[in-house]
Amino acid sequence: MQEPDAKDALYQKISRAERLLEAHRAHPLWDSAVKLLAVSDYAERQLDVLRQLLQEDRGDCAYKPPAYRQDLQSLSLSTPMSAFAHHLRIFRNRHLLRIALREMAGLADTTASMRDWSDCADALILHALDYCLLQAQNRHGVLRDATGATVQLLPLAMGKLGGQELNYSSDVDLIFFCSAEGVTETACQHVPYFTEALQQFTQLLQQQGPGGFVFRVDLRLRPYGESGPLVTTLAGMEAYYQEQGRDWERYAMVKARALGNDPKPEWLERIVTPFVYRRYVDFGVIESLRAMKMMIAHEVHRNPMLDDIKRGRGGIREFEFIIQSFQLIRGGRNAALQQTGALAALEAIRTAKLLPHTARLKAAYLFLRRLENQLQFQQDRQTHALPKDALMCMRLAFALNIPDGSALLDHLAHAQHVINHVFEAQLLRVEGYEDKGRLIASQMLTVWQGQIETEMAVNLLDSLGFSNAKRCCQLLHAFRHGSRCKRLSQAARLRLDRFMVLLLLKLTGVPATDTLLVLVIRMLEQTVGRSAYLALLTENPRALEELLHWFQQSPFLSELVISHPFLLEVLLELPPPSRPPTRRALKDILKQLLAESRDSEQLENALREFRLKQTVLCARAELSGVWRAESAARFLSDVAEVLVGEVVITACDALMPRYPEIRSLSKRFAVIAYGKLGAREMHYGSDLDLVFLHTVEGEAVSVLTRLAQKILNMLTTRLQNGQLYMVDTRLRPSGASGLLLSTMDAFHIYQCESAWAWEHQALLRARMVVGTSKLRGRWYEIKTQVLRLARNGDMLKEAILSMRTRMHSTSEARDALLDIEFLVQFLVLLNARGDWARVTRTALLLTRLGHDGLLPQETARFLREALSQLHTCLHAEVLKGKPESEALMTPLMTRVKAACEAVYAIVSPKRS
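The opening residue of the sequence shown carries number 0 in numbering that gives the first Met the number 0; numbering runs sequentially from there.
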């Protein structure tokens, strides 16, 4: 709609308003009422209320605060809730129309209107509280403290309401305290008692009904924010602000005003005033204010928001910042600045000659507040954006006695320029001006502590390179208001604040910031109460960088550290050694760790701690490129072997009181490792394939069976530090249906007479990891004899290929690895190489097959290289959480498959 059309439409609105109010033409404020109706859709929705107002009230007298309370006394506290809420809405609409009409008629200026509307809000809030508290008393009885006195609810108005400068459609910011802890005769404690009442109060005021609502209620400024209780005792309040109060809470508390007869009661003066106003120059708050100013300026620069009269350049927010910065910095030494209202504080600033041109600043601010009121009065909606619609702009200009929309924008631009000019100069001449880095750190602190609006925080993080900045803000908010942070002491909170600032600075420009932040916060959930971990990350300049590096690199490492925070020390220690520690060195490390254990549970947790620490060391070394995958696999196998050996010793010690003979019997007990441990090719998530053998008879068998059960229990039980390993014992003779223990002789007979081809394949990778030298000699003698058995080549080939077709994996790399392993096992069994009984690693077997001419040298060399790449690929899948590129791996796996098929095709059986 063009402006001429908008003027015509406005005239039509005026004509319609005249017709609707024709019956009240004799009223002294009739012209202003017509104008009010023409510019506000809300007023038209409340036409009946407006007509009744014109009929009953000449509008020439201002209301005094007691008058509102007196008028509301006619609304009985015994009224049903729905009717009570309805009458509150009528009262609210009537007085909002009356106040707006008086301002429109010039009988009250903007300052008086804001004060009048705040007084009305006070009365509505207090009457609604009286109603809800009476309901609570009727349900639970009188709430009394330890002395028998009635516990009082103490409401604190904040924000615009606290400053008695409430705009026409504003939230009301409230905090509630109570005089003391208490309990009713029905044993209802003070927290649930008041929580129930305040939930009903909130519903009563903000629930929509005929005539709209009373007020939107915001209770988030209370101690601990949304995660805190709705009411806190005065003692709890004092402790909170002394120990945990933040700079942003000081900023908010500038406007704190007690509701009731005494706006500054003793408890408010005693607790809040010293918290807000300091007698010395507080450079900490200067830094915080400066950071907040930079964020306001930065957001306006990124998004000028010329239409937003609150957050745009030269808007209401910049004016409030100017005033409150003077109050916070100088209010402790100049009590006149300790005002809840911005205009009263501006007058104190003028009197103290702290700022020139205060008259121009006041006029600009009042223009914005008047514009804000009329803008919100159009629809009774909390908005600060100028309308795009030409008619709405014309109505707004008409309400402000401005000729048209263009002139309105000129007036606005002038007011914004006046405010922004002062805002830009604010804090420039304060001592101790910090560099940009310090200011950004202060900004990060305000983001972490939630001192600024969410949109501003999102814009700031976005500008600093945070990916998905909105989610990052949500994560910070959830963590900050979570139960872990809520329980922190003042010292712990300060420690966490330092760390969070450092963290946010380190996260600037990091890819996938939100994903990384999730991981760090999950870790903090486990460690935030332990000072040593935060100190490690905060005081060591590179520690946090290292942590973020590893969290980015490896989901596997991230999950380990999150689940077991003590691993931080391993993750962040000096670079790993160029070669893995030997088995002897591992035994020494484990011995030192176990020496500190005082009971069996501590000992078993120490075993798990050892495994976890060595796993982290290995992962770091492999991800850093210091160790190859084969070296890592051998190291992980050595760790497992050392642990199995120690578990056998520990299990014997545990059973000694009941079975004194177990020490000597254990010398005739052996543990055979199959699978990846047997082949020394352990991966990070490998389980253990174990078989237990012995050479005893009679009652001793049951004792060793108990020992085997104890070993399995110690390996698999999940304790504080998790479990050692998953264990599979199904490779024993006759599988799951066989005995847990077998004698050496029975094992020999089974392998020679009953075992399937796949069991001989498995035997190729088996080795003894626990047992005396005598047992080892006997074991390898049996294995050699089994491997030397004559086999039908065609039947062997058919059995092996049949088994291979039944062992498909979800990973193509694992399938290719199986292809190589099966081919090697086929060739060794086919050629009956019993002399290789002690060789279990696939790579070494490939070398021997090539050397002895049982496999073409070129094929053997290619398969060894492929085996190395496949192990690297499978380790990377675990460590990095994603497979290697298909473009790199698919050609390799195709060549592996072709090479294996070629060998199967050309190999002629040498024995039958």
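Every residue, glycine too, gets a C-beta built ideally from N, C-alpha and C.
Looking from the CA of ILE321, the closest CA among ILE418, ALA179, TRP757, GLY259 belongs to ILE418. Taking every protein chain shown into account, the CB of ILE661 has 16 or more other CB atoms within 10 angstroms, so this residue is buried. Annotated three-state conformation of ILE451 is coil, per DSSP. Annotation: the continuous alpha helix (DSSP H) that includes TYR364 extends over 357-376. In the three-state scheme derived from DSSP, where H, G and I count as helix and E and B as strand, VAL253 is classed as coil. DSSP, read as helix, strand or coil, puts THR382 in coil.
In this structure GLU645 is not in contact with THR841, their Cβ atoms being roughly 27 Å apart against a cut-off of 8 Å.
LEU9 places its beta carbon less than 8 Å from that of MET393. Between LEU96 and ALA22 a beta carbon distance of about 17 Å is seen, past the 8 Å cut, so the two are scored as non-contacting. Counting only the Cα atoms, VAL48 lies some 10 Å from GLN54.
For ARG541, the number of other beta carbons within 10 angstroms of its own is below 16, and it is reported as exposed.
Per DSSP, PRO154 is one residue of the beta strand (DSSP E) stretching across 152-157.
ALA424 sits exposed, since fewer than 16 C-beta atoms from the chains shown fall within 10 Å of its C-beta. Annotation for SER663: the continuous alpha helix (DSSP H) segment containing it runs 661-664.
In this structure, DSSP gives GLY674 a helical state, which the three-state scheme calls helix. In this structure, PHE200 lies away from VAL171, with their beta-carbon atoms at least 8 Å apart. Exclusion of the five residues before and after TRP755 leaves ALA798 as the residues of its chain whose Cβ lies within less than 8 Å of its Cβ.
Between LEU854 and VAL902, the CB-CB gap stays under 8 Å. The continuous beta strand (DSSP E) containing CYS177 extends over residues 171-177.
Beta-bridge pairing by DSSP links PHE668 to HIS693. Between SER324 and the set LEU891, ILE308, LEU353, the nearest pair of CA atoms involves LEU353.
Just so you know, the alpha carbons of THR614 and GLY684 end up roughly 10 Å apart. Cβ-Cβ distances below 8 Å link THR537 to ARG494, ARG497, PHE498, LEU501, LEU543 in the same chain, with the five nearest sequence neighbours on each side left out; the list follows chain order.
Distance from the CA atom of LYS292 to the CA atom of THR453, rounded to whole angstroms, is 15 Å. Note on MET725: under 16 other CB atoms within 10 angstroms of its CB, so exposed under the neighbour-count rule.
Collapsing the DSSP output to three states places THR146 in coil. ARG44: not part of any beta strand (DSSP E); member of the alpha helix (DSSP H) spanning 40-44, first to last residue. The continuous beta strand (DSSP E) containing ARG766 extends over residues 766-769. Within its own chain, the residues whose Cβ lies closer than 6 Å to the Cβ of HIS26, once the five positions on either side in sequence are excluded, are LEU53, listed in chain order. By alpha-carbon distance to ARG219, the top candidate from GLN450, ASP851, VAL769 is GLN450.
Membership of SER636 in the alpha helix (DSSP H) is indicated by the continuous run 628-654.
Per DSSP, reduced to three states, the secondary structure at GLY211 is strand. Per DSSP, reduced to three states, the secondary structure at SER741 is strand. Check the Cα spacing between LEU128 and each of TRP757, LEU173, SER596: the tightest is with LEU173. Here the region 56-68 makes contact with the region 102-109; the two share three or more CB pairs at distances below 8 Å.
Assigned with DSSP and collapsed to three states, LEU28 falls in coil, not helix or strand.
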